Amino acid sequence: MDPDLIRRAPRDRCSVAHALAVLGERWTILVLREAFYGIRRFDEMQRAIGCARNVLADRLATLVEHGVLARVGYRDEGQRERFEYRLTPMGFEAFPVIVALMQWGDRWLPAPGGPPIEVVHRGCGAKVHAELRCEQAHGALTARDTEPRPLGKVAAPKRKAARS
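In the working numbering, each residue's number is its place in the sequence shown (first place is 1) plus 117.
Have a look at this one:
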């Protein structure tokens, strides 16, 4: 593997940078966490994560704009129409990322008294683990078991012509 080939990959095509542009902010991750816990309404979300209303409104708008959440109208009896925020298929696919962040935090930045929650399989009650697997089902891969491999052609840097 040519490490320079990876470094030359265009930054505007970096999947990590694109994902962070949408999800890579503290309040955004906490909004997603609450959505996975079943919180859908603005006021409930604001109470749960404790951020300013304008910040929450901005984060929700960004997640809706990028298709991570859907804004769906509802009306409680005798009230005006309001909106709740539901995970889209794109949003649901962020679940392993949230679980991995939670488990990393539990291990390396533990809260006093231990983790406040754990994620378990509804079917059997066993704890869920975020882990990487290859397409051949080799599980629990680490960074040492993997390597980045560029896809397609990456343009080589232009060299100045030698003067004669």
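Cβ coordinates follow ideal geometry from the N, Cα and C atoms, glycine included.
Model, not experiment: these values are computed from the prediction.
What residue range does the alpha helix (DSSP H) around residue i cover?
{"i": "Val133", "result": "132-140"}
Any idea if residue i is buried or exposed, counting beta-carbon neighbours within 10 angstroms, 16 or more meaning buried?
{"i": "Tyr202", "result": "buried"}
{"i": "Arg176", "result": "buried"}
{"i": "Val148", "result": "buried"}
{"i": "Val185", "result": "buried"}
{"i": "Leu268", "result": "exposed"}
Who pairs with residue i in a beta bridge, going by DSSP?
{"i": "Leu258", "result": "Leu249"}
Leaving out five residues on either side along the sequence, give the residues of the same chain with a beta carbon under 8 Å from the beta carbon of residue i.
{"i": "Val237", "result": "Ala243, Lys244, Val245"}
{"i": "Val139", "result": "Thr145, Thr179, Leu180, His183, Val185"}
Which same chain residues end up closer than 6 Å to residue i when comparing Cβ atoms and leaving out the 5 residues on each side of it in sequence?
{"i": "Ile156", "result": "Met162, Ala165"}
{"i": "Arg150", "result": "Ile215"}
Under 7 Å: does the beta carbon of residue i sit that close to some heavy atom of the ligand MN?
{"i": "Gly240", "result": "Of the ligands one can find in the structure shown there are none, so the ligand MN has no counterpart to examine."}
Near residue i, what residues of its chain come up, given a Cβ to Cβ distance below 7 Å and the 5 sequence neighbours on each side ignored?
{"i": "Glu235", "result": "Lys244"}
Enumerated in chain order, which unbroken segments of the alpha helix (DSSP H) with a length of 4 residues or greater are wholly contained in the stretch 154-236?
-> Under the rule that a run must span 4 or more residues, the alpha helix (DSSP H) segments found entirely inside the stretch 154-236 read 159-166, 170-182, 206-209, 212-225.
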